[in-house]
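Student: Every position in the sequence shown, counted from 1, becomes a number in this note's numbering once 21 is added. For every residue, glycine included, the Cβ atom is placed at its ideal position computed from N, Cα and C. None of the values given here were measured: they were computed from a predicted structure. The structure's right below; bear with me while I get my questions together.
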Amino acid sequence: MCACAAESLPRNWFTGEKHIRMKIRLPENVRTIIETLESCGHEAYAVGGCVRDSILGKTPADWDITTSALPEQVKKIFPRTVDTGIAHGTVTVLLRGGSYEVTTYRIDGAYEDARHPSEVSFTSNLLEDLRRRDFTINAMAYNERSGLVDAYDGIQDLKDHRIRCVGDPMERFSEDALRMLRAVRFCAQLGFSMEEGTRAAITELAPTIAKVSAERISVELVKLLVSDHPEMMEQVYETGLSAVILPELDEMMKTDQHCRHHCYPVGKHTMEALRWTPKDKVTRLAVFLHDVAKPASRTTDSKGWDHFYGHPERGAEMAGQILRRLKFDNDTIYRVKALVGAHDKRPEATGISVRRAVVEIGQDAFPRVFDVKRADVMAQSCYCRKEKLQEIAAFEQLYHRCMEQKECLSIRELQVDGKDVMDLGIGQGKAVGAVLKHLLDWVLEDPDRNQRSLLLEEAKRYKLENPDI
22 MCACAAESLP
32 RNWFTGEKHI
42 RMKIRLPENV
52 RTIIETLESC
62 GHEAYAVGGC
72 VRDSILGKTP
82 ADWDITTSAL
92 PEQVKKIFPR
102 TVDTGIAHGT
112 VTVLLRGGSY
122 EVTTYRIDGA
132 YEDARHPSEV
142 SFTSNLLEDL
152 RRRDFTINAM
162 AYNERSGLVD
172 AYDGIQDLKD
182 HRIRCVGDPM
192 ERFSEDALRM
202 LRAVRFCAQL
212 GFSMEEGTRA
222 AITELAPTIA
232 KVSAERISVE
242 LVKLLVSDHP
252 EMMEQVYETG
262 LSAVILPELD
272 EMMKTDQHCR
282 HHCYPVGKHT
292 MEALRWTPKD
302 KVTRLAVFLH
312 DVAKPASRTT
322 DSKGWDHFYG
332 HPERGAEMAG
342 QILRRLKFDN
352 DTIYRVKALV
362 GAHDKRPEAT
372 GISVRRAVVE
382 IGQDAFPRVF
392 DVKRADVMAQ
402 SCYCRKEKLQ
412 EIAAFEQLYH
422 RCMEQKECLS
432 IRELQVDGKD
442 VMDLGIGQGK
452 AVGAVLKHLL
462 DWVLEDPDRN
472 QRSLLLEEAK
482 RYKLENPDI
């Protein structure tokens with residue numbers, strides 16, 4: 022947290038720095054590192070996102086420190102360090118249970134791959150270090166001796182709720198193309214708008230994001246989706262970035278929905294649905310992709326009404342392909358696919374339907390299906406909205422009752438196991454699996470059947486009726 026009473030001091034025209042009286046409460050370890058470096062004759066400041074967040078009244082996730090000390094000097098001053106990025110001037114200082122990245126002021130050389138500088142040189146000038154940073158709100162430094170160093174008017178951009186590049190945006194985005202997606206992400210996280218020149222540069226340089234790895238792109242997309250304003254994903258389309266990294270979004274944005282259930286095109290509907298979705302990575306990914314197959318599934322009848330037959334099933338497959346392309350982990354892919362495939366299903370509100378749905382979708386993913394369905398409905402037209410929400414609520418209530426009563430929903434919860442089945446003279450492998458699957462189906466119809474004696478009798482009967490198993 023910080024006490025913010027900012028008073029501008031005269032600009033130092035020799036260095037270009039502008040110092041502002043502002044009190045930021047530094048964590049004890051951060052203050053210790055800065056004061057230790059200063060006592061050894063070096064400059065040191067908290068820098069970047071931690072300063073920005075402190076000014077905004079947020080608790081920083083981590084604290085980065087920049088210093089005039091060279092990496093070798095930092096290592097001599099502090100007894101416990103890790104060489105986390107020493108080639109680029111970064112040493113991690115370990116202090117009282119915490120870890121803090123301490124980076125030497127640096128000047129980046131030419132960027133030849135739209136990601137890495139070809140060389141890095143160290144400097145003793147803080148302003149040179151701040152000049153290479155991406156956005157003005159991330160180019161502020163602070164220590165208790167000098168106050169806030171704000172050479173690029175980051176404070177004013179915070180006041181104006183604006184994302185603006187440091188210096189020439191064409192140069193900043195040419196250095197690292199991922200910064201274009203980061204600009205949209207910061208807009209979404211902070212609820213800011215984008216400065217016109219910054220946005221224009223993204224639109225012009227959008228094709229260069231093809232040089233960025235899928236792993237880096239997916240990290241930014243997730244941060245954007247779980248932000249306070251996930252609907253700003255639309256800016257990824259408007260700036261041309263999605264044409265390269267998510268062409269499926271372009272198709273969604275261009276696909277109309279002429280039917281009584283919808284009042285927006287597919288893409289706009291998706292952005293609205295995200296506004297109604299809890300801040301959960303899997304749920305928001307599922308909502309983002311729930312209608313991804315609609316452009317390819319669209320048909321129009323003789324009356325001009327659009328239909329999207331089979332889009333949930335087809336969408337689940339497309340969602341898997343997209344997430345694999347973006348290098349998501351298998352567990353996330355599995356859960357998102359399950360939710361996309363289930364989002365438009367409307368099973369009868371009965372205990373049997375609920376139990377079968379849980380088994381089909383998976384116990385881990387299933388609770389999120391109600392959030393996905395509600396978000397979908399809230400982004401539709403008002404046609405039958407009340408009835409749809411009541412239907413979802415009834416189904417959810419049955420699910421919670423099922424969980425409270427601890428009804429059997431998996432083979433491992435049956436009161437018999439594979440050994441019990443083999444003891445009945447049934448072979449191994451697939452035969453045992455087939456019997457256990459049948460027993461689960463049988464119990465899903467009536468949870469009271471999950472008793473050892475009843476299950477063994479049913480297994481015997483099933484074996485007699487299916488002698489080939």
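Expressed to the nearest angstrom, what Euclidean distance is found between the alpha-carbon atoms of Asn351 and Ala359?
Tutor: Within the sequence shown, numbered from 1, the residue matching residue 351 stands at position 330. Within the sequence shown, numbered from 1, the residue matching residue 359 stands at position 338. Cα-Cα distance, rounded: 12 Å.
Student: Where Thr321 and His283 are concerned, what is the direct C-alpha to C-alpha distance, given to the nearest angstrom?
Tutor: Numbered from 1 along the sequence shown, position 300 holds the residue referred to as residue 321. Numbered from 1 along the sequence shown, position 262 holds the residue referred to as residue 283. Computed Cα separation, rounded: 14 Å.
Student: Applying the criterion that 16 or more other CB atoms from any shown protein chain within 10 Å of the CB defines a buried residue, is Thr20 buried or exposed?
Tutor: Lying before the first or after the last residue shown, residue 20 is absent from the chain, which here runs from 22 to 490.
Student: Mapping DSSP to helix, strand and coil, what is Glu255?
Tutor: Here the question's residue 255 lines up with position 234 in the sequence shown. Glu255: helix per DSSP, three-state reduction.
Student: Exposed or buried, what is Phe35 when buried is set at 16 or more other beta-carbons lying within 10 Å of its beta-carbon?
Tutor: Here residue 35 corresponds to residue number 14 of the sequence shown, with the count starting at 1. A caution first: Phe35 carries a pLDDT of 31, below 50, which makes its placement in the model too unreliable to give a value.
Student: In chain order, what residues of the same chain lie with their CB nearer than 6 Å to the CB of Leu400, ignoring the 5 residues before and after it?
Tutor: In the sequence shown, the residue the question calls residue 400 occupies position 379. Rather than Leu, the amino acid found at residue 400 in this sequence is Ala. Result list for Ala400: His290, Glu293, Ala294, in chain order.
Student: Return the CA-CA distance between Lys407 and Arg367, expressed in angstroms with no decimal places.
Tutor: As a first step, residue 407 is located in the sequence shown; it is residue number 386 there, counting from the start. As a first step, residue 367 is located in the sequence shown; it is residue number 346 there, counting from the start. Using only the alpha carbons, I get a separation of about 15 Å.
Student: Would you mind sorting Glu67 into buried or exposed? The rule is 16 or more other CB atoms within 10 Å of its CB.
Tutor: By one-based count along the sequence shown, residue 67 stands at place 46. In the sequence as displayed, the identity of residue 67 is Ala instead of Glu. Classification for Ala67: buried.
Student: Just to confirm the assignment, what range does the alpha helix (DSSP H) spanning Asn351 have?
Tutor: Here the question's residue 351 lines up with position 330 in the sequence shown. It spans 351-363 - the alpha helix (DSSP H) in which Asn351 sits, taken as one unbroken run.
Student: Just the Cα atoms here: how many angstroms apart are Gly331 and Arg220?
Tutor: Numbered from 1 along the sequence shown, position 310 holds the residue referred to as residue 331. Numbered from 1 along the sequence shown, position 199 holds the residue referred to as residue 220. Going by the C-alpha atoms only, they are around 38 Å apart.
Student: What does a CB cutoff of less than 7 Å around Gln449 pick up in its chain, not counting 5 residues either side in sequence?
Tutor: Along the sequence shown, one-based indexing puts residue 449 at 428. Closer than 7 Å at the Cβ level, and outside the excluded window around Gln449, lie Met443.
Student: Take Tyr420 and list the residues in its own chain whose beta-carbon comes closer than 6 Å to its own, dropping the five residues that flank it on each side.
Tutor: Position 399 of the sequence shown holds residue 420. Val375.
Student: Are the Cβ atoms of Arg395 and Ile413 separated by less than 9 Å?
Tutor: Counting from 1 along the sequence shown, the entry for residue 395 is found at position 374. Counting from 1 along the sequence shown, the entry for residue 413 is found at position 392. Yes, they are a contact pair.
Student: For Trp326 versus Arg389, is the C-beta spacing smaller than 9 Å?
Tutor: Position 305 of the sequence shown, counted from the start, is the residue given in the question as residue 326. Position 368 of the sequence shown, counted from the start, is the residue given in the question as residue 389. In this structure, Arg389 does not lie closer than 9 Å to Trp326 by Cβ.
Student: Enumerate, from N- to C-terminal direction, the unbroken alpha helix (DSSP H) stretches of 4 or more residues contained entirely within the stretch 109-170.
Tutor: 147-152
Student: Among Ala378, Pro468, Glu479, Ser214, which has the Cα closest to the Cα of Gln426?
Tutor: Locating residue 426 in the sequence shown gives position 405, where the first residue counts as 1. With distances taken between Cα atoms, Gln426 lies closest to Pro468.
Student: Within 10 Å of its beta-carbon, does Ala386 have 16 or more other beta-carbons around it, so buried, or fewer, so exposed?
Tutor: On the sequence shown, residue 386 is found 365 positions in, with the first residue counted as 1. Under this definition Ala386 is a buried residue.
Student: Quick one: complete alpha helix (DSSP H) runs, 4+ long, within the stretch 221-285?
Tutor: You should have 235-246, 255-259, 263-266, 268-275.
Student: Note down, in chain order, each residue of its chain lying with its Cβ closer than 7 Å to the Cβ of Trp297, except the 5 sequence neighbours on either side.
Tutor: Working through the sequence shown from its first residue, we reach residue 297 at position 276. Result list for Trp297: Arg395, Ala396, Met399, Ala400, in chain order.
Student: Please work out which residues of its chain come closer than 6 Å, Cβ to Cβ, to Tyr173, disregarding the five sequence neighbours upstream and downstream, and give them in chain order.
Tutor: Position 152 of the sequence shown, counting from 1, holds the residue named residue 173. Hits under 6 Å: Thr157, Ala160, Val187.
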